[in-house]
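Below you'll find the structure, written out as structure tokens, and then a few comments.
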Amino acid sequence: MTKNFDHQAAVRQACAKNGIELDGLGPATGRFSHQLEQDLLGYDIVFATARMAIEAAAVGCAVVVCDARGFAGLLNTANMQAWRRMNLGVGVLAKPMTVENLMDAISRFDAGHAAAVSAYFRRVAGDAHFVEEHLRIYSQAMQTDEAPNFDARFLATASWMKRLVS
């Protein structure tokens, strides 16, 4: 599942070396799904980041977190909470996107870990959690006495960006 082009050759090569049939889905492939939760049921491993990775994990697929920006590895019970805090996005893509890294991640596939990861993401990324988190953030914003100013916004953005690259 991808919106990027640059890493697709490495994913194809790693899959071919492991005898894995690869299907592409997402804006960079020209293939889309209108019933993703159903279509993903036929797959064991998904290569994706961010929301696409979360959706695949919630369905029960093992997820190799990677895209054209970099590589994180196989999502598992040891890293799922930390990576979730970074939305399985650019902040976790600390390694280079290589065929070797992909093959290592594929070799670590574990159906039991995928099931545990799925249960976790169903609990923390479902509708109830989304509404609860949205209300929490909204409540925090409403409790401030200060009107937001541009300097504060720029400082907050810079701080957020620094955490991404740290």
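Take the sequence shown: its letters are residues 1 to 166, numbered as in the numbering used here. Even glycine gets a Cβ: it sits at the ideal position worked out from N, Cα and C.
In this chain, the alpha helix (DSSP H) harbouring GLY112 covers 111-124. Excluding its 5 nearest sequence neighbours in each direction, VAL59 has C-beta neighbours in its own chain below 6 Å: GLU37 and LEU40, listed in chain order. PHE5 is classed as exposed because its beta carbon has fewer than 16 other beta carbons within 10 Å across all chains shown. Per DSSP, ILE45 is one residue of the beta strand (DSSP E) stretching across 45-48.
Distance from LEU25 to ARG12 at the Cβ level is roughly 14 Å; contact not present, criterion being Cβ atoms closer than 8 Å. The beta carbons of HIS7 and ALA50 sit no closer together than 8 Å.
CA-CA distance, ALA119 to ALA57, rounds to 9 Å. DSSP lists ALA48 and GLY73 as the beta-bridge partner residues of VAL65. Residue environment analysis places ILE54 among the buried positions, since at least 16 neighbouring C-beta atoms fall within 10 angstroms of its C-beta. Looking at the backbone, the Cα of GLU100 and that of ALA14 are separated by about 8 Å.
Taking 8 Å as the cut-off, the beta carbon of VAL46 is found no closer than this to the beta carbon of MET80. Per the DSSP secondary-structure output, LYS95 pairs in a beta bridge with PHE71. Pairing TRP83 with LEU75 gives a Cβ-Cβ distance under 8 Å. Membership of MET80 in the alpha helix (DSSP H) is indicated by the continuous run 80-85.
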